Amino acid sequence: MKDQNKKWAFLFIVLNLVLFLLFFAWPAILGVYYSFTEYNGNVATFIGLENYINLFQDPSFYKSLSRTFLYTAVGVPFIYITSLLVSVLLVSKHTKGKNVAKVIFFLPWLISPIVVGVLWRWMFGESFGFINYIIQLIGGEPIAWSSDGNYAFLVVLFATAWMHLAFNMLIFIGALISIPKSLYEAAEIDGGSGWQKFRYITLPSISSTSFLVILLSVFNLMKEFPMVQSLTNGGPGTDTTFLVQYIYETGFNQMKVGYASAVSMVLFVILLVFSLLQFKFTRGGRVDE
Numbered sequence: 001m002k003d004q005n006k007k008w009a010f011l012f013i014v015l016n017l018v019l020f021l022l023f024f025a026w027p028a029i030l031g032v033y034y035s036f037t038e039y040n041g042n043v044a045t046f047i048g049l050e051n052y053i054n055l056f057q058d059p060s061f062y063k064s065l066s067r068t069f070l071y072t073a074v075g076v077p078f079i080y081i082t083s084l085l086v087s088v089l090l091v092s093k094h095t096k097g098k099n100v101a102k103v104i105f106f107l108p109w110l111i112s113p114i115v116v117g118v119l120w121r122w123m124f125g126e127s128f129g130f131i132n133y134i135i136q137l138i139g140g141e142p143i144a145w146s147s148d149g150n151y152a153f154l155v156v157l158f159a160t161a162w163m164h165l166a167f168n169m170l171i172f173i174g175a176l177i178s179i180p181k182s183l184y185e186a187a188e189i190d191g192g193s194g195w196q197k198f199r200y201i202t203l204p205s206i207s208s209t210s211f212l213v214i215l216l217s218v219f220n221l222m223k224e225f226p227m228v229q230s231l232t233n234g235g236p237g238t239d240t241t242f243l244v245q246y247i248y249e250t251g252f253n254q255m256k257v258g259y260a261s262a263v264s265m266v267l268f269v270i271l272l273v274f275s276l277l278q279f280k281f282t283r284g285g286r287v288d289e
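All residue numbers for the sequence shown refer to the UniProt record's numbering, where the first residue is 1 and numbers rise by one.
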């Protein structure tokens, strides 16, 4: 029986390894190679570092990169706070209707990112949107959700938080219910307030989970594409064109595959550096007592 289990285990490992090499490692190697070539989908001509030189002289690249950093810098704390707040409420003994609330908050995870973008575009359309319809019903003026860059950015931000809430909620709930109840009971005996229990018991106890949620959120926002593409298509103008949209535009619409590959390599380095720094400063997701 043990030998048979080893065979099955080895088979599953080999299958996963083949899939990893075929769909992750090989495309990554091709991306590195294409970043040093002038490739339009037909013939790849080696040009060395020319793509990278042109990239770091391109104002459009810096504009999309700065928007991506802003989107991530604002979005990650917003997603973290909302996810943690909802999770704390859903595990609280004082909250009523928790089972129904869990189902409602879980629903966005079952929806495709493209559908999420279309749904929020319908809600926040300027001439046909549901939100502007409600505003007009109560006597207000319709808001330029699509033609104003700031409003469009806010819509993308809220749609992102709504879309990622469910997954983070599941992770946080699992961490929160594993905290020993004796810690809270001891805090109550010592006269600790709700905020003190949250600050000195809850947050330190879920530090590893917080590390995971923040890391995944950074990755998700830095690479966000289908939801933003279907919601704003990078507009108005290029006000919501983030780095992945820029890669798509140059690689597929302009057929500059080599140049787009160079941008992809820059994005990979940024994510790698962030991961290493966060892992170092949090000691692998652990916080010293």
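Think of the CB as a built atom: it goes at the ideal place given N, C-alpha and C, for glycine as much as any other residue.
Source: prediction; values computed, not measured.
Excluding residues up to 5 positions away in sequence, L55 lie with their Cβ nearer than 6 Å to the Cβ of F61 in the same chain.
Counting the other CB atoms within 10 Å of its CB gives G129 a total of 16 or more, which places it among the buried residues. Assignment of F225 by DSSP, reduced to helix, strand and coil, places it in the coil class. Within the same chain, Cβ atoms closer than 7 Å to the Cβ of M123 are found at G129, F130, I131, the five residues on either side in sequence being excluded. Using a Cβ-Cβ distance cut-off of 8 Å, the segment 36-50 and the segment 160-172 are not in contact, since fewer than three pairs of beta carbons, one from each stretch, lie closer than that value. Of D190, A186, S92, Y71, the smallest CA-CA separation from A152 is found for Y71. Spanning the alpha carbons of A28 and K96 requires a straight line of approximately 49 Å. Counting along the chain, F46 sits inside the beta strand (DSSP E) bounded by residues 44-46.
Counting of Cβ neighbours within 10 angstroms places A73 among the exposed residues, the total staying below 16. Residue burial is scored here from C-beta neighbours: Y34 has at least 16 other C-beta atoms within 10 angstroms and is therefore classed as buried.
Secondary structure remark: continuous beta strand (DSSP E) runs of at least 3 residues inside the segment 171-252: none found. E126 carries a coil assignment under DSSP once its states are collapsed to helix, strand and coil. Around the CB of K98, fewer than 16 other CB atoms lie within 10 Å, so the residue is classed as exposed. About 6 Å separates the beta carbons of T240 and V228, which is inside the 8 Å limit, making them a contact pair. Note on I79: 16 or more other CB atoms within 10 angstroms of its CB, so buried under the neighbour-count rule. G149 is the residue among V88, G149, N42 whose C-alpha sits nearest the C-alpha of L231. In this chain, the alpha helix (DSSP H) harbouring T82 covers 59-91. Taking a contact to require three or more Cβ pairs closer than 8 Å, the segment 137-149 and the segment 199-216 do not qualify as touching. When secondary structure is reduced to three states using DSSP, T95 falls in the coil class, being assigned neither helix nor strand. A straight-line Cα-Cα distance of about 50 Å links E188 and S146. DSSP links E38 through a beta bridge to T45. With contacts defined as CB atoms closer than 8 Å, L90 and I171 fail to qualify as a contacting pair. Between V244 and F225 a beta carbon distance of about 4 Å is seen, short of the 8 Å cut, so the two are scored as contacting. The criterion of a C-beta distance shorter than 8 Å is satisfied by G31 and S264. Between S64 and Y259, the C-beta gap is not smaller than 8 Å, which leaves the two residues out of contact. In this structure, R121 is the residue among K280, R121, I179 with its C-alpha nearest to the C-alpha of G234. The continuous alpha helix (DSSP H) containing F279 extends over residues 257-281. Excluding five sequence positions before and after F242, the CB atoms of its chain that fall closer than 7 Å to its own CB belong to S64, R67, T68, Y71, E224, V228, given in chain order. Around the beta carbon of S87, a 10 Å sphere encloses 16 or more other beta carbons of the protein chains shown; the residue is thus reported as buried.
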